[in-house]
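Following: one structure in structure tokens, then a few remarks.
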Amino acid sequence: MINEESVFYSRVLTETTLTFHIIYATLGVGVPLMIMIAQWVGIKKNDEHYILLARRWTRGFVITVAVGVVTGTAIGLQLSLLWPNFMELAGHIIALPLFMETFAFFFEAIFLGIYLYTWDRFENQKKHLLLLVPVAIGGSFSAVFITIVNSFMNSPQGFDLVDGKLTNVNPLLAMFNPAMPTKVTHVVVTAYMTAAFVLASIAAFRMLTSSKHVYHKKALFFTMKLGLIFSIATAVIGDFSGKFLAEYQPEKLAAAEWHFETHGEAPLIMWGMLDENNDIKYAIQIPFALSILAHWLPGAVVTGLDQFPEDEIPPLYIHYLFDTMVTIGMGLVVLSLIYWIGVKRGWAFIHSKLFLGLSVLSGPLSMLAIEAGWWLAEVGRQPWILRGIMRTSEAATTNNQVDLMLMLFCGLYIILGIGTIVVMSRMFKRNPVEQELKDREMEKGGVQK
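Reading the sequence shown from the start, the letters are residues 737 to 1185 in the working numbering.
Right, here's the structure in full:
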């Protein structure tokens, strides 16, 4: 028996939890790589500024890991409490990647602890750098395994469906499903990209508001360059993701692009509005682009929403989620490319308040693009929780207290969010860059130029 109110609040609570958790999860995947590269550059160039970058980023990273543990635990709890029928149906299949995700996290956490407590205890700093390798690998593979669970929900395979039960499970076939390659690479690379731009926005903010120290200039150049690399990689992988959708989830692609009728030479629809007759107005149409995105060829036929039952069509507002993600992604490519070229050619414009202001926005905007991407992935799968097998309404609890859970968890997330900001702000204000550099100069008896 379906309780529509419980279904609604279960969806709202799950979306709220994922929205909050993805902030910490994304930084948890991307920041370790940034730390590792910064320390490697510092050792290679014998540059204390990059070493300090790694140190300060590590301190902030520890805070995000601590909060991410809480929010990640909440997701695991809510899977069982809010979606018991789904867990009864598929829990024995997703248990393996969920366990492997936990193992990857502990692998990361153990070496992170060792790394933190061994600063300056190695005469050869390259040995200390090696401790970051398992931290970065553990963080990335946590994302890999948890995304495999989501991939399975989008393209389930590796079992027999007998009398409404999933039997004869092949766990490897279930894990390595058609959605896995593009979804996993997209999640991991966008995490790297977002971490780079978040750190770049912090450096730009410091340069814009209070400090012109060369430390912040180096931080901005370092992170914008990495942001450029990973934003281009994100665009390439996004193209392959479009081709996956065209073959395996054509209803999601059609809904995201307001592609109502099946035909070739399909244009890509950006933004715009729908009237009461579902006619598109005020949109930017890029000729042939949807056909190319879906099948490589400008004349290729793209499946439209007319091929699907009305009750299996995702909500059409996911079009705006797709447009938000793509627009921000392209904007970040342009911003970081202009900065890189500007540095090479000595353009004064990239040091202006306007450009630094845009750089400050790169971090929040990249995180917004991550959020829009996940909302697109989850809402675009509706009405299914396990595509083609179980609907979301069938999977939810019938408990009448989910609205109370929603309020309690929202209160928890508000406390955690405010706490994160307060702790990080106080930690870095009490340890300004200039003072830390002086302290390290005194320790080493040298002068950093």
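Glycine residues also receive a C-beta, built at the ideal position from the N, C-alpha and C atoms.
Non-local C-beta neighbours of LEU1026 in its own chain, meaning closer than 7 angstroms and more than five positions away in sequence, comprise GLU993, HIS995, ALA1002, PRO1003, LEU1004, VAL1038, ordered along the chain. Between the stretch 793-801 and the stretch 1134-1142, the count of C-beta pairs closer than 8 angstroms stays below three; the two stretches do not touch. The three-state reading of DSSP puts GLN1043 in helix, counting H, G and I together.
When DSSP states are grouped into helix, strand and coil, VAL748 belongs to the helix group. Only buried fits SER1102, as 16 or more other CB atoms lie within 10 angstroms of its CB. Judged by DSSP in its simplified three-state form, LEU902 adopts strand. The beta carbons of ILE829 and ALA915 sit about 14 angstroms from each other, so the pair does not count as a contact at 8 angstroms. In this structure, the beta-carbon distance from ALA931 to ALA982 does not fall below 7 angstroms. Counting along the chain, the unbroken alpha helix (DSSP H) around LEU1101 starts and ends at 1089-1115.
For TRP994, no alpha helix (DSSP H) run applies, since DSSP gives it neither H nor E.
In this structure VAL1069 is not in contact with ILE1154, their Cβ atoms being roughly 33 angstroms apart against a cut-off of 8 angstroms. In the pairwise beta carbon analysis, the stretch 869-886 is classified as touching the stretch 844-852: at least three pairs are separated by under 8 angstroms. With distances taken between CA atoms, ALA879 lies nearest to VAL920 out of LEU866, VAL920, ASN890. CA-to-CA, the gap between MET1160 and LYS901 works out to about 48 angstroms. With a beta-carbon spacing of about 5 angstroms, TYR1075 and ILE1086 fall inside the 8 angstroms limit used to define contacts. LYS1174 and PRO1168 have their C-alpha atoms some 10 angstroms from each other. If one requires a minimum length of 3 residues, the beta strand (DSSP E) runs lying completely within the stretch 887-956 are 896-898, 901-903, in chain order. Straight through space, the alpha carbons of VAL972 and ILE1028 are spaced by roughly 13 angstroms. When the Cα atoms are used, LYS862 and LEU964 turn out to be separated by approximately 27 angstroms.
For LEU935 and THR959, the gap between their C-alpha atoms comes out near 7 angstroms. In this structure, the alpha-carbon of ILE771 lies about 28 angstroms from that of TRP1083. Looking only at PRO1119, ARG942, GLY1035, ASP896, the smallest Cα-Cα distance to PHE1164 is reached by ARG942.
Pairwise C-beta distances place the stretch 834-843 out of contact with the stretch 887-901, as fewer than three of them are shorter than 8 angstroms.
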